Each structure stands twice: as structure tokens, then as C-alpha cells.
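Visitor: Structure below; questions to follow.
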């Protein structure tokens, strides 16, 4: 069964549900609100597969709820931080 998309509806509650109606998204956001920033920290703490985590982080950045930024001094590392929309 495929999920119905609410993206076209003009309702703030359904638009929020479009992005947040997933258990992994909710725990990722909980951890982000508590200061977690790095992929490896989310991965270790949550016990989610790297593929699922990467997909959820991408969806949250695409929705402008989180943003990615490079970590100074480590070109391979990135941090995920809450945007104003995420807050």
C-alpha cells in the first residue's frame, strides 16, 4: 500500500504530517533538538540502518527542516542543524 501525499493540500497540519509522519524522523528531530549533529552520532544512538538514516536526513534537508554544513578541519564530516523552520 502506498501512502497518500498531502503535499498539495493547503493546510499547515497536513503539510507538517507530510514531513513528520515517520518514527525515524521524529527520533532524529528529538535528538537534533537535544544537540546531536553528526551522522555517526545519530547512527550509533538510534540503531537505524545507514540507508534509512541517510534517506531521512536527506528528506529533512530537502524539506528545509535541517541543513547540512561542513565541519571545519574535517572535509569529510558534516553536521545537521535545525533551520528556523525546524525550530
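Residue numbers (my numbering): 447 to 533. Yeah, the Cβ is synthetic: ideal placement off N, Cα and C, and Gly gets one too. Source: prediction; values computed, not measured.
1) Looking only at its chain, what residues have a beta carbon closer than 7 Å to the beta carbon of residue 529, apart from the 5 residues adjacent to it on each side?
2) Whose C-beta lies closer than 7 Å to the C-beta of residue 484 among residues of the same chain, with five residues either side of it excluded?
3) Relative to the alpha-carbon of residue 474, which residue among 457, 496, 517, 461 has its alpha-carbon at the smallest distance?
4) What are the residues that DSSP puts in a beta bridge with residue 513?
5) Quick check on residue 469: does DSSP put it in helix, strand or coil?
6) Residue 483 by DSSP, collapsed to three states: which one?
7) Please look up how many angstroms separate the CB atoms of residue 499 and residue 488, rounded, as I've assumed it's under 8 Å.
Guide: On the basis of the coordinates in this document:
1) 510, 511, 512, 513
2) 523, 525
3) In this structure, 496 is the residue among 457, 496, 517, 461 with its C-alpha nearest to the C-alpha of residue 474.
4) For residue 513, which the question treats as bridged, DSSP gives the partners 527.
5) Under the three-state reduction of DSSP, residue 469 is assigned to helix.
6) coil
7) 6 Å
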